[in-house]
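Taking this note's numbering, the leading residue of the sequence shown gets 771, the next gets one more, and so forth.
The beta carbon of each residue, even a glycine, is placed where N, CA and C say it ideally should be.
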Amino acid sequence: MNCGAPLQKDGRLLNCPYCDSVFKPMIDLGYQIPGPRPELVPKGLFEVSVGDTRYRILGRLAQGEHTQVLVARRAAAVTEQVVIKVASDMSLLEAEWANLRHLDGRCNYLDRLLPHPISLGMARGRAALVYRWRSGFVYNLAQIRRMFRRFDSAHAVWIWNRVLDQLTSLRQLGYCHGSLRPQHLLVQPRDHGIAFCGWRTAALGRGDDLAESGRTILHLLDLDAPPELRELAESAGCFEKPRELKSELQKVARAVYGPPRFRRLVLPGTKA
771 MNCGAPLQKD GRLLNCPYCD SVFKPMIDLG YQIPGPRPEL VPKGLFEVSV
821 GDTRYRILGR LAQGEHTQVL VARRAAAVTE QVVIKVASDM SLLEAEWANL
871 RHLDGRCNYL DRLLPHPISL GMARGRAALV YRWRSGFVYN LAQIRRMFRR
921 FDSAHAVWIW NRVLDQLTSL RQLGYCHGSL RPQHLLVQPR DHGIAFCGWR
971 TAALGRGDDL AESGRTILHL LDLDAPPELR ELAESAGCFE KPRELKSELQ
1021 KVARAVYGPP RFRRLVLPGT KA
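What follows is the structure, encoded as structure tokens:
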């Protein structure tokens, strides 16, 4: 009833004496919930269980020093794509889980880019951390650099800008990432998106994020890259705040490349 009043259980149509709403007893139409349909379950290389959920592994995204990153789908008719990080040491994934849980919901800008963990458990005797899938964030900077014989240094500018935006938000929360290596920066080429991964080393404090961001940009630059950009990357650790470094980056970029404009990053083997 609308008011929550008690009902007579004699199956008759009645009007509630409190709110005057009409109660009609439910009629059993004989409907049964359909059983599982195996043909709708996504196919995969093999199946693992994390907690109470089964996943079909579709392939490997990356191989790190201590972890392996897999792409999978929930093994059910109503499915979703996920990322599963697997490690032999549970403490590595527990640290990442704890850091991401602590940062969740504290900054709207970061929330759109942070990995969103679903569950932490064991899979075939190894620790496993399951994340929601983020469309377009497939390749990291180390993989992208290997794709190009020569990398257009103009792309390094927008990549560094996005990195510094996130470092600014992290600094405002009192955090540092702690491991800004090329392997830990995922790229969404179409929309010029950058997302960090490898959050187990995140900690309170300033850390060395600015200097690490400069070393990552140096990894992208060819020998004939503009010397002004190379010098700024080498001196990144000398800046106090991410905003100060970004302001200087924008001055260098305008002097070298002219007014800002969108530069499409097309990865080999993908459509423009």
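Around residue 813, the same chain offers 826 as residues with beta carbons nearer than 8 Å, after the five sequence neighbours per side are excluded. Its chain contains 998 as the residues whose beta carbon lies nearer than 8 Å to that of residue 1025, once the 5 sequence neighbours on both sides are disregarded; these appear in chain order.
Counting of Cβ neighbours within 10 angstroms places residue 847 among the exposed residues, the total staying below 16. Residue ranges of uninterrupted alpha helix (DSSP H) with 4 or more members, entirely inside the stretch 955-1040 and ordered along the chain, are 979-990, 997-1004 and 1012-1027. Beta-bridge pairing by DSSP links residue 938 to no other residue. Under the DSSP definition of a beta bridge, residue 849 lacks any partner.
Collapsing the DSSP output to three states places residue 840 in a strand. If you look at residue 916, you'll find it in the alpha helix (DSSP H) that goes 911-917.
Closest option to residue 890, judged by alpha-carbon separation, among 852, 958 and 1006: 852. The three-state reading of DSSP puts residue 830 in strand, counting E and B together. Following the DSSP letters along the chain, one finds residue 861 inside the alpha helix (DSSP H) bounded by residues 860-873. The C-beta of residue 856 has 16 or more other C-beta atoms within 10 Å across all chains shown, which makes the residue buried. Assignment of beta-bridge partners to residue 813 by DSSP yields no partner.
Of the candidates 941, 925, 845 and 948, the residue whose Cα lies closest to the Cα of residue 989 is 925. If you draw a straight line from the Cα of residue 921 to the Cα of residue 985, it is about 16 Å long. Nearest C-alpha to residue 965 among 980, 947, 974 and 978: 947. Nearest neighbour of residue 974 by Cα position, chosen from 1011, 942 and 887, turns out to be 942. Listed in chain order, the non-local C-beta contacts of residue 960 below 7 Å within the same chain comprise 906, local neighbours out to five positions each way being set aside. According to the DSSP secondary-structure assignment, residue 946 is paired through a beta bridge with 973.
By the neighbour-count definition (other C-beta atoms within 10 Å, threshold 16), residue 879 is an exposed residue.
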